[in-house]
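Asker: Here it is, the structure, as structure tokens.
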Amino acid sequence: MSDVAEGIGGVIEGALTGRAVEPNHGKSGLDGGEAGACRNCGTQPLGSFCQNCGQKTHVHRTLSAIFHDLIHGVLHLDGKFWLTLPLLVFRPGKLTRRYIEGERAKFVSPMAMFLFSVFAMFAVFQMIGLTTPTDLNFDDAAADLRGRAETQVQALEAEIASLPADDPRRAGLEEDLDTANQIISRTQSQAVTAGTAADDDATAGFDLRDLKINLTGIESLDQGLLKKWRDNPGLMLYKLQANGYKFSWLLIPLSIPFVWLVFAWKRRFKAYDHAIFVTYSLSFMSLLFITASLLAMIPDVGGLVALLLVLVPPIHVYKQLRGAYDLSRFSAFWRLMVLSFFIWIVLILFLQALLLIGAF
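Take any residue in the sequence shown, note its place counting from 1, add 1, and you have its number in my numbering.
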């Protein structure tokens, strides 16, 4: 129940954050302002909004106004949202091009849409329980491993006893039996602790806390990450998830240079164009993951969800490339292929950035 409450709170937070990016973007019209000076700056207003500071001339002081502001903040993606969303899903290139060329008051801005979709995605993940495990117990894992090894020993001993002394299969089975006995001996002789796997013995590698890492290339940072992993792997995974949520915006500056590379010789496309393209694309992908995670809760639709996640992203990027940059089919296709490779580089860089942040 707490996960659901946290998820709902995350959706509300995302909407309010998106709203904060463009608080009055695209607003117009009068709502019958009150006479008198502006309560905020003292200027005599000419309409329902102060022309000096932008505050409404009609100031509420009722409890219902608080709930009105909350609902208004959460749902005030209103007409702009319902105009933007269909274009983002079905005509992403047209939406991107129209926004770049100046039609901005009628659409939700890319950053507002991105913030809302990312907050909503993590909120939905929280509600349905799609989160990183934080209750890792390596001692229980070692006990389970020992139990399975003991079962294997019994089976191997019985099989070896049933074979003739000159049977060629005995050598392989005896080797497996020796390995299983070493695992049992090791787990019984000492508790599972950090540093258990200090040598290259293959039987000592069952403790996940003993993984060696070389992620940043900086030994001090790698050792710091390794220490945190050994001390509390569950907490480290939780922080990694939290940092992914907080620093998801890093995907935008990380992606822009790679999009620029496939248009480097086309000077009419500026960095701003690529930023709008990337931000709207990431917004759609977040909404796609929300849809897929909700569909995955329905029994017997796992194959459909997998197909959705495999086919929809490249098709969407292709359509957005064609429409936003006015490309031919071939030009859009080869850029899609190159960007598909670049996406993996961006994801690796993003993961390394999260780990680097987590090292401090």
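In this text, a Cβ means the ideal position worked out from N, Cα and C, and glycines have one as well.
Nothing here was measured: the structure is a model prediction, and the numbers come from that model.
Thinking L96 and F115 are a contact (beta carbons under 8 Å), I'd like their distance in whole angstroms, please.
Answerer: Contact doesn't hold; Cβ gap of about 13 Å is too wide.
Asker: Using a Cβ-Cβ cut-off of 8 Å (strictly less than) and excluding sequence neighbours within five positions of A243, which residues of its own chain qualify?
Answerer: none
Asker: What are the uninterrupted segments assigned as alpha helix (DSSP H) that are 4 or more residues long and contained completely in the region 262 to 319, given in chain order?
Answerer: 272 to 296
Asker: In terms of DSSP beta bridges, what is F50 paired with?
Answerer: Looking at the DSSP output, F50 shares a beta bridge with K57.
Asker: Quick one: using the 10 Å Cβ neighbour count with 16 as the cut-off for buried, is D274 buried or exposed?
Answerer: buried
Asker: From which residue to which residue does the alpha helix (DSSP H) around A113 run?
Answerer: Residues P111 to I129.
Asker: Measure the Cβ-Cβ separation of L340 and V318 and say whether it is below 8 Å.
Answerer: Yes, the Cβ-Cβ distance between L340 and V318 is below 8 Å.
Asker: Can you tell me whether N244 is helix, strand or coil according to DSSP?
Answerer: Under the three-state reduction of DSSP output, N244 falls in the helix class.
Asker: Looking at the secondary structure, which residues open and close the alpha helix (DSSP H) in which P93 lies?
Answerer: P93 to I101
Asker: Taking the beta carbon of I346 as the centre, do at least 16 other beta carbons fall within 10 Å, making it buried, or is it exposed?
Answerer: exposed
Asker: Take the Cβ of T355 as the centre, count every other Cβ of all protein chains shown within 10 Å, and call the residue buried at 16 or more, exposed below.
Answerer: Reading off the sequence shown, one finds Leu at residue 355, where the question assumed Thr. With at least 16 other beta carbons inside 10 angstroms of its own, L355 counts as buried.
Asker: Helix, strand or coil for R149 per DSSP?
Answerer: helix
Asker: Please determine, among Q183, P111, G245 and S294, the residue with the shortest C-alpha to C-alpha distance to I358.
Answerer: G245
Asker: So which of S186, F117 and R40 has the shortest CA-CA distance to A150?
Answerer: S186
Asker: In angstroms with no decimal places, state the Cα-to-Cα distance between L88 and F248.
Answerer: Computed Cα separation, rounded: 27 Å.
Asker: Starting from the C-beta of T1, find all residues in its chain whose C-beta is less than 8 Å away, skip the five residues before and the five after it, and write them out in chain order.
Answerer: What the structure shows of the chain is the stretch from 2 to 361, and residue 1 is not part of that stretch, so it cannot be assessed.
Asker: In three-state terms, what does DSSP make of P169?
Answerer: It is coil, neither helix nor strand.
Asker: Answer yes or no: the CB of M112 versus the heavy atoms of the ligand FMN, is any distance below 7 Å?
Answerer: Judged by which ligands are present, the structure shown has none, so any question about the ligand FMN falls away.
Asker: Who are the near neighbours of M298 in its chain, counting only those whose CB is closer than 8 Å to its CB and skipping five residues on each side?
Answerer: Cβ contact annotation for M298 (same chain, cutoff 8 Å, sequence separation greater than five): I129, in chain order.
Asker: Using three-state DSSP, classify T44 as helix, strand or coil.
Answerer: Look at T44 here: in three-state DSSP terms it is coil, with no helix or strand label.
Asker: Out of curiosity, what's the CA-to-CA distance linking A198 and P165?
Answerer: Confidence in A198 is poor, its pLDDT being 43 and thus under 50, which makes the residue's placement unreliable; the coordinate value appears in the next sentence. Answer to the nearest angstrom: the Cα atoms are 37 Å apart.
Asker: With distances taken between CB atoms, is the gap from S118 to L288 smaller than 8 Å?
Answerer: A Cβ-Cβ contact shorter than 8 Å links S118 with L288.
Asker: Taking just the CA atoms, how far does F334 sit from E176?
Answerer: The alpha-carbon separation between E176 and F334 amounts to approximately 53 Å.
Asker: Give the secondary structure of T180 by DSSP, where H, G and I count as helix, E and B as strand, and everything else as coil.
Answerer: Note: T180 maps to helix in three-state DSSP.
Asker: In chain order, what residues of the same chain have a beta carbon less than 6 Å from the beta carbon of F290, not counting five sequence neighbours either side?
Answerer: M122
Asker: Would you identify the three-state DSSP class for R336, choosing helix, strand or coil?
Answerer: helix
Asker: Keeping to the same chain, check which residues put their C-beta closer than 6 Å to that of T44; ignore five residues upstream and five downstream.
Answerer: C51 and N53
Asker: Is K371 buried or exposed, if buried means 16 or more other CB atoms sit within 10 Å of its CB?
Answerer: What the structure shows of the chain is the stretch from 2 to 361, and residue 371 is not part of that stretch, so it cannot be assessed.
Asker: Could you tell me the alpha carbon to alpha carbon distance between F270 and F264, rounded to whole angstroms?
Answerer: 7 Å
Asker: Between F343 and the rest of its own chain, which residues show a CB-CB distance below 6 Å, the 5 nearest in sequence each way excluded?
Answerer: For F343, where only same-chain residues beyond five positions count, the Cβ hits under 6 Å are F259.
Asker: What distance in whole Å lies between the Cβ atoms of L295 and V154, which are believed to be in contact at a cut-off of 8 Å?
Answerer: That pair is no contact at about 46 Å.
Asker: Mind reading off the beta-carbon distance from F331 to P93? Whole number of angstroms is fine, and I expect it under 8 Å.
Answerer: No, F331 and P93 are not in contact; Cβ-Cβ is about 19 Å, not under 8 Å.
Asker: Nearest to P254 by alpha carbon, out of T180, A272 and V306?
Answerer: A272
Asker: Is the beta carbon of L337 sitting closer than 8 Å to the one on L322?
Answerer: The answer is yes: Cβ separation under 8 Å.
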